[in-house]
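**Q** Residue numbering for the sequence shown follows our numbering, beginning at 12 and increasing consecutively. We treat Cβ as the ideally placed atom computed from N, Cα and C, and that holds for glycine. This is the structure, below, for whatever I ask next.
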Amino acid sequence: MGKHELTGGEMVEDGSGLPPAIYLRGKLVGLRAPLRADAGDASVWYEGDPPLLPEAAESLLAAGERIPWGNNPTIRLMIVALASGEIVGGLIVHRSASRTSQLALTVGERVPQRAQVQAEVLRLAVPWLLNEVGLMTVTIRIPADETSMLTAAEGAGMHTAVRLREYVVRPGGRVNLLTMERVNEDWGRRWRRHDHA
């Protein structure tokens, strides 16, 4: 897993060993824009199945946006452990023209303090997406048996908005799929100010 530096908004290959420039920082991890060199770590940050080959991951990263608050409807961020500079996961935000969004959070199964990392990422990302990016809602879908993720979402101020009964198939049966949501409380005030201007 590589350590890379972001300079001037460009995706670069960096052999300096310096930690990445981080936009959002907690105690355990930080979030930053992807670098082309992150393609080699796709097994850690990519949210889909099957895992991407490095060539496909590089193409995906090259096609994506370089500035997380740009106009691209997809924001992809790398989750980086502050202690080591290693990529430990990824966060992808799919946002719509109506200013709503859907998150997908991936943290490696073997990451130490995995539940705390998940909680910290949501505590960093959800307020940033609502207040800085200006989204109206932030949602994430979580199977009901993933209790650490549910606790993390609740810790970020999210509440259950939708419950799909027995939607997810597990080896021992089925579990509910919950859509956790946080609404931007300032959204109504913003629009009222514009209406009366």
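(1) Return the CA-CA distance between arginine 125 and arginine 200, expressed in angstroms with no decimal places.
(2) Beta-carbon within less than 8 Å of alanine 164's beta-carbon, same chain only, minus the 5 sequence neighbours each way: which residues are those?
(3) Kindly identify the DSSP beta-bridge partner or partners of valine 128.
(4) Taking only the alpha-carbon atoms, compute the straight-line gap between alanine 74 and alanine 67 and give it to the nearest angstrom.
(5) Give me, in chain order, the residues of the same chain whose beta-carbon lies closer than 7 Å to that of alanine 50; leave out the 5 immediate sequence neighbours on both sides.
(6) Report the option in Thr85, Leu46, Gly101, Asp52 whose CA atom is closest to the CA atom of valine 40.
(7) Give the secondary structure of serine 70 by DSSP, where H, G and I count as helix, E and B as strand, and everything else as coil.
(8) Quick one: Cα of leucine 189 to Cα of isoleucine 86, how far?
(9) I'd like the list of long-range same chain contacts for histidine 105, defined as Cβ closer than 7 Å, with 5 residues on each side in sequence excluded.
(10) Taking the runs of the beta strand (DSSP E) that are 3 residues or longer, which of them lie wholly in the segment 41-70?
(11) On the DSSP letters alone, give me the boundaries of the beta strand (DSSP E) that glutamate 192 sits inside.
(12) Beta-carbon within less than 7 Å of valine 118's beta-carbon, same chain only, minus the 5 sequence neighbours each way: which residues are those?
(13) Starting from glycine 168, trace the alpha helix (DSSP H) both ways and give me its first and last residue.
(14) If you draw a straight line from the alpha carbon of alanine 108 to that of valine 144, how long is it in whole angstroms?
**A** The answer reads as follows:
(1) The residue labelled residue 125 in the question sits at position 114 within the sequence shown. The residue labelled residue 200 in the question sits at position 189 within the sequence shown. A direct Cα-to-Cα measurement between arginine 125 and arginine 200 gives close to 37 Å.
(2) Counting from one through the sequence shown, the residue named residue 164 turns up at place 153. If we look at alanine 164 and ignore the five residues flanking it on each side, its Cβ neighbours are Leu133, Ile151, Ile153, Met191.
(3) Along the sequence shown, one-based indexing puts residue 128 at 117. DSSP lists no partner for valine 128.
(4) The residue labelled residue 74 in the question sits at position 63 within the sequence shown. The residue labelled residue 67 in the question sits at position 56 within the sequence shown. Looking at the two C-alpha atoms, the distance is approximately 11 Å.
(5) By 1-based counting over the sequence shown, the position of residue 50 is 39. Same-chain partners within the cutoff: Pro65, Ala68, Glu69, Leu72.
(6) Translated into positions along the sequence shown, residue 40 becomes position 29. The option with the nearest alpha carbon to valine 40 is Gly101.
(7) By 1-based counting over the sequence shown, the position of residue 70 is 59. DSSP places serine 70 in helix when its eight states are reduced to three.
(8) By 1-based counting over the sequence shown, the position of residue 189 is 178. By 1-based counting over the sequence shown, the position of residue 86 is 75. Distance from the CA of leucine 189 to the CA of isoleucine 86, rounded to the nearest whole angstrom, comes to 22 Å.
(9) Your numbering for residue 105 matches position 94 in the sequence shown. Cβ neighbours of histidine 105 beyond the five flanking positions: Pro84, Thr85, Ser112, Gln113.
(10) The segment 41-70 contains no whole beta strand (DSSP E) run of 3 or more residues.
(11) Taking the sequence shown and counting its residues from 1, the one referred to as residue 192 is at position 181. According to the DSSP assignment, glutamate 192 belongs to the beta strand (DSSP E) that extends over 184-194.
(12) If you number the sequence shown from 1, residue 118 lands on position 107. Answer for valine 118: Ile90, Val99, Gly100, Arg125, Val128, Gln129, listed in chain order.
(13) Taking the sequence shown and counting its residues from 1, one reaches residue 168 at position 157. Premise fails: glycine 168 is in no alpha helix (DSSP H) and is neither H nor E.
(14) The residue labelled residue 108 in the question sits at position 97 within the sequence shown. The residue labelled residue 144 in the question sits at position 133 within the sequence shown. Our two residues, alanine 108 and valine 144, have alpha carbons roughly 13 Å apart in a direct line.
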